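Single-structure report; data block below.
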Ligand SMILES: Nc1nc2c(ncn2[C@@H]2O[C@H](COP(=O)(O)OP(=O)(O)OP(=O)(O)O)[C@@H](O)[C@H]2O)c(=O)[nH]1
Ligand SMILES: Nc1nc2c(ncn2[C@@H]2O[C@H](COP(=O)(O)OP(=O)(O)OP(=O)(O)O)[C@@H](O)[C@H]2O)c(=O)[nH]1
Ligand SMILES: [Mg+2]
Ligand SMILES: [Mg+2]
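Protein chains in written order, with my numbering: chain V, 710 to 882; chain D, 88 to 315.
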């Protein structure tokens with residue numbers, strides 16, 4: 710019900726999660742056209758308001774360090790959509806990232822919440838292609854919510870607007 | 088006595104209400120998301136992003152509750168289709184009938200999809216979409232271009248439609264044909280979907296579990312390296 714109410718007001722709450730160093734904070738700064746040269750690991754969380762197509766997104770960016778991850782669950786309630794950010798160039802941690810995502814999707818409070826996976830850092834030459842990441846994370850096993858994978862780069866901004874467009878369609882539907 | 092009556096009511100309800108699943112596939116830009124939106128009374132408008140993933144829509148037609156899986160059609164996301172075929176009762180294949188340059192590609196993709204073991208014997212509905220555009224191929228011309236008559240052992244039907252704009256009654260008509268075909272063979276088809284779908288989910292669960300183990304091992308390995 711709360712979800713509905715907020716939707717009618719033209720607002721939605723978005724949760725941004727992913728391993729440390731994935732680029733969550735950089736993505737949000739880029740989307741709000743702020744300087745991205747001096748970003749430090751997030752210890753707690755940041756909140757940003759983004760307006761896309763006249764629709765207001767209240768975005769919660771939570772730190773991804775392993776010691777902080779147990780606190781992710783504090784933010785699960787009343788989320789309209791989940792953005793999960795992946796460092797596409799960090800092949801070694803792709804499985805760890807996928808494992809964290811699986812656990813997130815199993816949370817009751819996240820039931821049915823639309824999922825946007827951002828395959829970030831596509832500007833790096835060793836980046837894994839987005840569709841390979843989708844296969845790697847077994848995204849195709851998801852049936853209980855819409856999901857979309859979007860290649861992007863927070864560094865040059867590619868793909869970010871497209872991802873946001875999909876997100877707004879989901880929460881504004 | 089009341090229990091008996093209740094059982095009877097439940098029995099009749101179960102008999103009269105059926106659930107089934109369909110996948111909607113086809114090349115990127117064919118109009119799948121637009122069409123599924125129209126069919127489920129949730130129109131998507133004119134600015135729809137290419138699907139790079141999965142979404143589900145519900146359609147109720149007659150006695151059927153239908154889940155339609157709308158999958159991305161882009162070259163690089165098509166690989167996921169095969170992960171869904173085990174659990175569907177039928178297929179909707181959408182073609183941009185006005186884009187003749189891509190008929191060959193559509194034909195290849197369609198025939199490759201029909202080779203999937205899980206697809207054999209399941210009914211196939213083809214929408215010749217974008218009839219509002221000039222030069223759109225008719226259903227007969229499209230059937231010819233897709234070389235449909237040569238596909239043995241497939242019940243198929245081609246329907247002209249226009250997914251954009253006011254809801255085209257041909258969309259519901261087409262789905263009605265497909266669900267009729269599903270219904271005529273429902274017990275067998277449903278049994279098969281249950282068995283093959285369960286096997287697929289089991290395999291996917293196993294893969295998930297294996298990955299979890301690999302992730303834990305990799306994490307442990309990195310920890311050890313740091314300590315050294
Ligand atoms: N090349 C490249 N580097 C990026 C990109 N996005 C982020 N980075 C870099 O990756 C590092 C981590 O970025 P952050 O935004 O702090 O990552 P985070 O996900 O917020 O990390 P935590 O706050 O620790 O969870 C920074 O050095 C960024 O400059 C990208 O698209 N391309
Ligand atoms: N003129 C016309 N345009 C249509 C029709 N159906 C869809 N379109 C347009 O075709 C484009 C692609 O439509 P989508 O529904 O996104 O196509 P899709 O098959 O879902 O594409 P992918 O998600 O990339 O696989 C959009 O611009 C639609 O508005 C139609 O019947 N007539
Ligand atoms: Mg951060
Ligand atoms: Mg689509």
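Using N, Cα and C, we set each Cβ at its ideal position, and we do this for glycine too.
Since we're looking at a predicted model, the values are computed, not measured.
N-terminal and C-terminal residue of the beta strand (DSSP E) that residue 722 of chain V is part of: Within the first chain, residue 722 of chain V is the residue found at index 13, counting from 1. First-last of the beta strand (DSSP E) with residue 722 of chain V: 720-726.
Go through the stretch 207-283 of chain D residue by residue and report every complete run of the alpha helix (DSSP H) that reaches 4 residues or more, in order. 226-232 and 256-270
Can at least three beta-carbon pairs, one atom from the stretch 871-881 of chain V and one from the stretch 761-773 of chain V, be found at a separation below 8 Å? yes
Residue 749 of chain V, DSSP secondary structure in three states: As a working mapping, residue 749 of chain V is identified with position 40 in the first chain. Three-state DSSP puts residue 749 of chain V in coil, outside helix and strand.
Quick check: what's the CA-CA separation for residue 154 of chain D versus residue 267 of chain D? Counting from one through the second chain, the residue named residue 154 of chain D turns up at place 67. Counting from one through the second chain, the residue named residue 267 of chain D turns up at place 180. Straight-line Cα distance between these residues: approximately 15 Å.
Do residue 795 of chain V and residue 726 of chain V come within 8 Å of each other at the CB atom, strictly closer than that value? Along the first chain, one-based indexing puts residue 726 of chain V at 17. Along the first chain, one-based indexing puts residue 795 of chain V at 86. No, Cβ-Cβ distance for residue 726 of chain V and residue 795 of chain V is not below 8 Å.
Under 9 Å Cβ-Cβ, which residues of chain V neighbour residue 190 of chain D? For the purposes of this step, residue 190 of chain D is taken as residue 103 along the second chain, with counting starting at 1. Per Cβ cutoff of 9 Å: no residues; residue 190 of chain D is ~25 Å from chain V at best.
Helix, strand or coil for residue 779 of chain V? Go by DSSP, reduced to three states. As a working note, residue 779 of chain V is residue 70 in the first chain. Helix.
List the DSSP bridge partners of residue 111 of chain D. Within the second chain, residue 111 of chain D is the residue found at index 24, counting from 1. The partner list for residue 111 of chain D (beta bridge, DSSP) reads D/157 and D/179.
Contact list for residue 858 of chain V against chain D, beta-carbon separation under 7 Å: As a working mapping, residue 858 of chain V is identified with position 149 in the first chain. Chain D residues near residue 858 of chain V: 139 and 140.
Starting from residue 756 of chain V, follow the beta strand (DSSP E) in both directions and report where the run begins and ends. Against the first chain, residue 756 of chain V aligns to sequence position 47. Where residue 756 of chain V is concerned, the enclosing beta strand (DSSP E) stretches over 754-761.
Just checking residue 138 of chain D against ligand 4 - is the residue's beta carbon closer than 7 Å to any of the ligand's heavy atoms? Start at 1 with the first residue of the second chain, and residue 138 of chain D comes out as number 51. Yes, the Cβ of residue 138 of chain D comes within 7 Å of a heavy atom of ligand 4.
For residue 710 of chain V and residue 126 of chain D, I'd like the C-alpha separation in whole angstroms. For the purposes of this step, residue 710 of chain V is taken as residue 1 along the first chain, with counting starting at 1. For the purposes of this step, residue 126 of chain D is taken as residue 39 along the second chain, with counting starting at 1. Caution is warranted here: a pLDDT of 43 is assigned to residue 710 of chain V, below 50, making its placement in the model unreliable, and the coordinate value is therefore given only provisionally. Approximately 26 Å, taken between the alpha carbons.
For residue 846 of chain V versus residue 807 of chain V, is the C-beta distance shorter than 8 Å? Start at 1 with the first residue of the first chain, and residue 846 of chain V comes out as number 137. Start at 1 with the first residue of the first chain, and residue 807 of chain V comes out as number 98. Closer than 8 Å, so yes.
Anything in the stretch 842-867 of chain V with a Cβ closer than 8 Å to a Cβ of chain D? List those residues in chain order, please. 843, 844, 847, 848, 849, 850, 851, 852, 855, 856, 857, 858 and 859
I'd like to know if residue 870 of chain V contacts chain D, where contact means its C-beta is closer than 8 Å to some C-beta of that chain. Along the first chain, read from residue 1 onward, the residue named residue 870 of chain V stands at position 161. No, because no Cβ of chain D sits closer than 8 Å to the Cβ of residue 870 of chain V.
My output table needs one value for residue 127 of chain D: the three-state DSSP class, helix, strand or coil. In the second chain, residue 127 of chain D corresponds to position 40, counting from 1. If DSSP states are grouped into helix, strand and coil, residue 127 of chain D belongs with coil.
Relative to chain D, which residues along the stretch 721-748 of chain V have a C-beta separation below 8 Å, given in chain order? none
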